[in-house]
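Undergrad: Chains as they are written, first to last, in UniProt numbering: chain A, 1 to 611; chain B, 1 to 611.
For glycine and all other residues, C-beta sits at the position ideal for the given N, C-alpha and C.
Number of protein chains: 2
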Amino acid sequence: MAAKHPGVAHTLAVEPYGLRVAARHGETILSAFRRSGIPVRSECGGRGLCGKCQVVLQEGAAVTPPTGQEERLLGGELLARGYRLACQAAILGDLRVYVPPESRSVLLQVASRGLARAVRLRPLASRVRVELQPPSLRDVLADWERLKWSVEARTGRPVRLDPELLPHLPVRLRALGWRVDAVLWRGELVVDAAEPREGEGYGLAVDIGTSKIVVHLVDLRTGETVAEAKAENPQVFVGEDIIARMTYALREREGLAELKRLVVDAVNNLAAAAISSGGVSASDVLAAVLVGNTVMHHIALGIDVRGLAASPFVPAVRGTVDVPASFVGLRYGRRALFPPVVAGYVGSDAVADLVATGMHEEHEPAMLLDIGTNTEVILNTGEELLACSAPSGPVFEGGHLRFGMKAAVGAVDRVEIDGGEIRYSVIGGTRPLGLCGSAYIDFAAEALRAGLLDSRGFFRRDSGDARLRRGEAGYEYVVVPADESASGHDITVSEKDLSELRLAKAAVYAASMVLLEEAGLGPEDLRRVYIAGSFGYGLSVENAIRIGLLPPVNPSAVLQVGNTAVEGARLILVSEDTLEEAERIAASTGYVELTAAESFPRYFRRGLRFP
Amino acid sequence: MAAKHPGVAHTLAVEPYGLRVAARHGETILSAFRRSGIPVRSECGGRGLCGKCQVVLQEGAAVTPPTGQEERLLGGELLARGYRLACQAAILGDLRVYVPPESRSVLLQVASRGLARAVRLRPLASRVRVELQPPSLRDVLADWERLKWSVEARTGRPVRLDPELLPHLPVRLRALGWRVDAVLWRGELVVDAAEPREGEGYGLAVDIGTSKIVVHLVDLRTGETVAEAKAENPQVFVGEDIIARMTYALREREGLAELKRLVVDAVNNLAAAAISSGGVSASDVLAAVLVGNTVMHHIALGIDVRGLAASPFVPAVRGTVDVPASFVGLRYGRRALFPPVVAGYVGSDAVADLVATGMHEEHEPAMLLDIGTNTEVILNTGEELLACSAPSGPVFEGGHLRFGMKAAVGAVDRVEIDGGEIRYSVIGGTRPLGLCGSAYIDFAAEALRAGLLDSRGFFRRDSGDARLRRGEAGYEYVVVPADESASGHDITVSEKDLSELRLAKAAVYAASMVLLEEAGLGPEDLRRVYIAGSFGYGLSVENAIRIGLLPPVNPSAVLQVGNTAVEGARLILVSEDTLEEAERIAASTGYVELTAAESFPRYFRRGLRFP
Ligand code: FES
Ligand code: FES
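Shown next, in the form of structure tokens:
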């Protein structure tokens, strides 16, 4: 990009909101935030005194150098890590800035619960109380064998020693007076000799999404979640989608290690928050089950992603990965289990969706969609499972759209057009900052219904609607007028925005249709359609069908099931049977590679139009 | 100790030789070394220029502060770790100094080979060549499952994935063009996907002794050692015997971690030396088998030693410990296997002695002794195995003796008294520095034979031998006169020295006799007596029986078998059958606790006399 004159606007990309705002050359980041209505703490009113307005910039970002106030309030270490004060750093070029949680008062909308079947409790981690005879000169059996034989007498099956327990075993047994709870992992690995407790035991169920991370603290006695915590995935700063993450992992020195550290730190922090809000002792947390798409799965395990980054998109491992918590870097629990994945672009989160909904067991055709930057579609034909994945891009999370943003406070999430009047609702009830994915879907559906839009995605120039106007980049429709918005500018939807929306929805539509065609089924054959994930939560199903994002299924067959990925992780954590089920699902699901499917281009072209 | 006047002698304990020499207040360490004939490099003649005369001191040692020369030649880091130049540091009090290998030109005598049976080759680590179909859009099987299925098709048995391989697997398979050697551990764990080689594969067999470490580099195709390396155990600086090591591990902050690091660093360095002298590529080293007494075993694994430090002396684990090499900190190979131990004071080195000699399979009574600061005795009664352990102390390694030293260059190792004449031999053929354990045994036996000594350990004052004299601490005998010795002083054996020898040999004698009595056998029933270890190598069997160190067995039944511990480790490395044998031995050997044996005091008292 050519150098710009003072006064000319730069673009400020604001994470984690996924918002793009204009900034003047030389103004502070805080000033640009304020003009766009982006909420950030600034207790001292921007005088560089309170230190609350911290933001994070990438190395070499085009801003003025740190001021004395910043050096005093942040210190060398934070400055070196890219932290700056928004009220001090002035903008000298296009910039990506990340607002860390401590600088925010608002949170992303993240579905942290979802539909979940009941399962028979048989937790992966369990306690066995044993009272050992202390050794004596006449009984010098070694500590481990003493423990092992007692546990085996109780459980009736052979157990093995976790080497990570060994260094501490003598201390534990003696400190606890030879009366301990052996902590068993999957019924056969002794991972701890813990203080006897009345059955207390907790586990972590973790959903590592590309943009969000959700952690449940689960009581292994009841199988229920007792506390939860969620946050955006801090890798967002490196890039919004998995392609950007893989590029970073493969191109940057220590890139993979850095991404792993980011996500593991975040999981540890969320776990700490859930443990504290659940009022649980950290030592009672025995293990974790972690699901995610295959790229998140690989990164969390530190696995090289080159197999996933290029065709034919092959994961390093499909089966369950069961490792010491220390292997991952988890601070809580002794083991970390990653359930199986289906393919390079159908991860363990999709497998978890299935075990949570139970869709895989149905005997009539059903489909599950998890819509995001990547959309996974799984079809139960009634006889077998077929899965595919479509690169739907960042549109549903507000990316590539002029006023698009994630579903955070300040986002318009629903839109209605009624007799020339437009109505909208805003998350958190504030003045609108922008529009999130569901608002664009609503808008398109309503505009089609109102005759403002044709099936090729053009506004009808003759509609006579006063909100329609010719903008810099073609025709656009004013959804929020300047006097209602947080920034004081109009918030619009343009034909270019609608074109991005059509590309994204065409990918989802084609993915669904290719699977149905493979099975010789039509949309009308589906008895159930599950929409999983945060995006699905805010979606109007009718409008999604109206614009052709979903194929023409029966709307009453559609269930918005929320975060079934974390619920599936929870069910695996509390039920060995469910883990076995997940393994059967992953091994038996047929993967359909869309780029190799003959019918894909046809459905994609059809999907580019509005029905 | 009270402050001493200038000129008054301090005592300098010199490791790893186990030598104690007198030093004048204010003289340099190099000067004291020279007067005592202790060899140390000093290329610049002691002018502080060559930097070769490095020694290591403990923190707070009573010496003058570092000179400018030392700061220049050693630098802050080495100085902080206790390194000093012997020619610069002047002695201000009693001192323990360690001469590191780089400052020495002579080596300890260490038995690095021993007797070993032939075994059927079935190495713990093996290679399986597979040529995988590269993935394609029509075949997106994950990397691990692709490898697994190919290996299983070749071996006909299920294999598991080593999680430590997983992060690198995608890179390996692609870099090697899908044609790899799967490295299998114990036939079922895939620990590497390596460059195809014509069967090359090496392993390390390691004997971690309290005072010495021996490493063999073993060719897994032939089962033979292709290179070896040995050194003293650097933990010696903390103390000579296992009691001192355990005290350090339990009392000092990070003491256990420090001892672990010392021994693992030493093993890594020895392995590097063997690999380089063997002309082998480090990546062809697949695994290691490590044996040692139970304390060394625990320390190398980082296991808390409190169970071993106090009665009833219980190990943390008896069975085989099979861990990733990284768990131990080994730089070579992917797995580290520690064979089973028998008890707190009968370690995996004793089990290795058995598998190497094959004594456990004999059908007639046989006994094995490994004599050192701790002496292990194992009896095969012809029907079962019994083991015990006696704290014989440092005497056999020269400790607690006025002129005692280890079997290093400069040590008198053999002594003969013949018609008033005394003859001796010196290791390395230099002027004598002191006497090693075997010389004391020879001396006592010869003096008894010559009628110079009575059975209570007193010199016969009336013997008329001119070498016998009254010294500061009672009667003593001049073995090496001043004009023959390296230090220019007489080297003597005193009644006090003989009393230390009687205590040590009584422990060994009693241990043997208690086991025989338990089995209802006498010494004459033994068809074979194996003397294992470095000490046994230099020993005169006749003299050992003459002084009652060994019970009155038939001398021709005695075999000095050398380092059977490292040979046993090697046999386990190259033969799964031998590992299974070791496990059977460890589980079935009856441990006899001497302190609980009724007959022990009786035999011990009898052993205090010379027969
Ligand atoms: S707003 Fe207070 S320091 Fe920036
Ligand atoms: S002898 Fe050369 S530096 Fe000490």
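1) Since B/T375 contacts B/A511 with CB under 8 Å, what's their CB separation in whole angstroms?
2) A/L121 by DSSP, collapsed to three states: which one?
3) Whole angstroms are fine: how far does the CA of A/H400 sit from the CA of A/E500?
4) Compare the C-beta of B/W144 with all C-beta atoms of chain A and state if any pair is closer than 8 Å.
5) Is it the case that the Cβ atoms of A/G292 and A/I208 are separated by a distance below 8 Å?
6) Please give the ranges of any alpha helix (DSSP H) in the stretch 309-384 of chain A, keeping only runs that are unbroken, at least 4 residues long and fully inside the region.
7) Taking only beta-carbon atoms, is B/P167 less than 8 Å away from chain A?
8) Can you pull the chain A neighbours of B/D304, defined as C-beta to C-beta under 7 Å?
9) Could you tell me the distance, in whole angstroms, from the CA atom of A/A586 to the CA atom of A/P340?
10) What number of angstroms, rounded off, separates the C-alpha of B/P394 from the C-alpha of B/E240?
11) How would you list, in chain order, the residues of chain A whose beta-carbon sits under 9 Å from the beta-carbon of B/A274?
12) Give the residues from the stretch 50-76 of chain A that approach chain B closer than 7 Å (Cβ to any Cβ), ordered along the chain.
13) Do you know whose CA, among A/L220, A/T357 and A/D462, lies nearest A/R127's CA?
14) Smallest Cα separation from A/G559: which of A/G344, A/Y530 and A/H10?
15) Tell me which same chain residues have a C-beta within less than 6 Å of the C-beta of A/R331, skipping the five on either side of it?
16) Helix, strand or coil for B/H10, going by three-state DSSP, please let me know.
17) Interface residues of chain A around B/E593 at Cβ under 9 Å?
18) For B/F600, decide whether its Cβ has a neighbour in chain A, counting only Cβ atoms nearer than 8 Å.
19) Would you verify that the beta carbon of A/L503 is, or is not, closer than 8 Å to some beta carbon of chain B?
20) When the Cα of B/R334 is compared with those of B/A282, B/L354 and B/A352, which residue comes out closest?
21) Write down every uninterrupted run of the beta strand (DSSP E) in the stretch 440-478 of chain B whose length is 3 residues or greater and which is fully enclosed by it, in chain order.
22) Three or more C-beta pairs closer than 8 Å, one from the stretch 27-34 of chain B and one from the stretch 537-547 of chain A: is that the case here?
23) Please check if any C-beta of chain A sits within less than 8 Å of the C-beta of B/A352.
24) Does any residue of chain B have a CB that is nearer than 8 Å to the CB of A/V451?
25) What residues in its chain sit with their C-beta under 6 Å from that of B/F600, if we drop five residues either side in the sequence?
26) Determine the extent of the beta strand (DSSP E) in which B/H216 is found, giving its start and end residues.
27) Please report the distance separating the alpha-carbon of A/P555 from that of A/D442.
28) Between the stretch 462-474 of chain B and the stretch 444-452 of chain B, do three or more beta carbon pairs fall short of 8 Å?
29) Below 7 Å, is the gap between the Cβ of B/L124 and the nearest heavy atom of ligand 4?
30) Please compile the residues from chain A whose C-beta is within a distance smaller than 9 Å of the C-beta of B/L301.
31) In chain A, which residues lie less than 9 Å from B/F327 when you measure between Cβ atoms?
32) To the nearest angstrom, how far is it from the Cα of A/S105 to the Cα of A/E198?
33) Quick one, which residues of the stretch 311-326 of chain B are near chain A if we go by CB-CB under 9 Å, in chain order?
34) At a cut-off of 7 Å, is B/K406 close to ligand 2 when judged by its beta-carbon and the heavy atoms of the ligand?
35) Tell me the DSSP secondary structure of B/S126 in three-state form.
36) Give me the subset of the stretch 174-186 of chain B whose CB atoms are less than 9 Å from a CB atom of chain A, sorted by chain position.
TA: The answer reads as follows:
1) Rounded, the Cβ-Cβ distance is 6 Å, consistent with contact.
2) Secondary structure at A/L121: coil, using DSSP grouped into helix, strand and coil.
3) Their Cα atoms are separated by approximately 7 Å.
4) Among the residues facing chain A, B/W144 is included, as its CB has a counterpart in that chain under 8 Å away.
5) Going by beta carbons, A/G292 and A/I208 fall inside the 8 Å limit.
6) The DSSP assignment places complete alpha helix (DSSP H) segments of no fewer than 4 residues inside the stretch 309-384 of chain A at 325-328 and 348-357, in order along the chain.
7) True, the Cβ-Cβ gap to chain A drops below 8 Å.
8) Simply P167, H168, P170 and V171.
9) Each residue's alpha carbon lies about 6 Å from the other.
10) Straight-line Cα distance between these residues: approximately 8 Å.
11) Scanning chain A for C-beta atoms nearer than 9 Å to the C-beta of B/A274 yields nothing, as the closest lies near 26 Å away.
12) The residues in question: there are none.
13) Measuring C-alpha to C-alpha distances from A/R127 to each of A/L220, A/T357 and A/D462 identifies A/L220 as the nearest.
14) Contrary to the premise, residue 559 of chain A reads as Leu rather than Gly in this sequence. Comparing Cα positions, the closest option is A/Y530.
15) Within the same chain, Cβ atoms closer than 6 Å to the Cβ of A/R331 are found at N268, the five residues on either side in sequence being excluded.
16) Shown here, B/H10 sits in a strand according to DSSP, grouped into three states.
17) Close to B/E593, with beta-carbon spacing below 9 Å, are these residues of chain A in chain order: L137, R138 and V140.
18) With respect to chain A, the C-beta atom of B/F600 has no partner C-beta closer than 8 Å.
19) No, no contact with chain B.
20) When each option's Cα is compared against that of B/R334, the closest is B/A282.
21) Listed in chain order, they are 468-471.
22) Contact between the stretch 27-34 of chain B and the stretch 537-547 of chain A is absent: fewer than 3 CB-CB pairs across the two stretches fall below 8 Å.
23) No, its Cβ sits nowhere closer than 8 Å to a Cβ of chain A.
24) Here the sequence assigns Gly to residue 451 of chain A, which means Val is not the residue at that position. Not an interface residue.
25) These residues qualify, in order along the chain: A510, V514 and L594.
26) Counting along the chain, the beta strand (DSSP E) containing B/H216 begins and ends at K212 to D219.
27) Roughly 15 Å separates the two Cα atoms.
28) Here the stretch 462-474 of chain B lies against the stretch 444-452 of chain B, with 3 or more beta-carbon pairs under 8 Å apart.
29) This structure lacks ligand 4; the ligands present are ligand 1 and ligand 2.
30) Chain order gives the chain A residues near B/L301 as P163, L166 and P167, where near means a beta carbon separation below 9 Å.
31) In chain order: P163 and E164.
32) Bear in mind that a pLDDT of 47 at A/S105, under 50, signals an unreliable position, so the model cannot answer this.
33) Those residues of the stretch 311-326 of chain B that come within reach of chain A (Cβ to Cβ, closer than 9 Å) are S311, P312, F313, V314, P315, A316, V317, R318, G319, V321, D322, V323 and P324.
34) No, the Cβ of B/K406 stays beyond 7 Å of every heavy atom of ligand 2.
35) B/S126: strand per DSSP, three-state reduction.
36) Taking 9 Å as the cut-off between beta carbons, the residues of the stretch 174-186 of chain B near chain A are R174, in sequence order.
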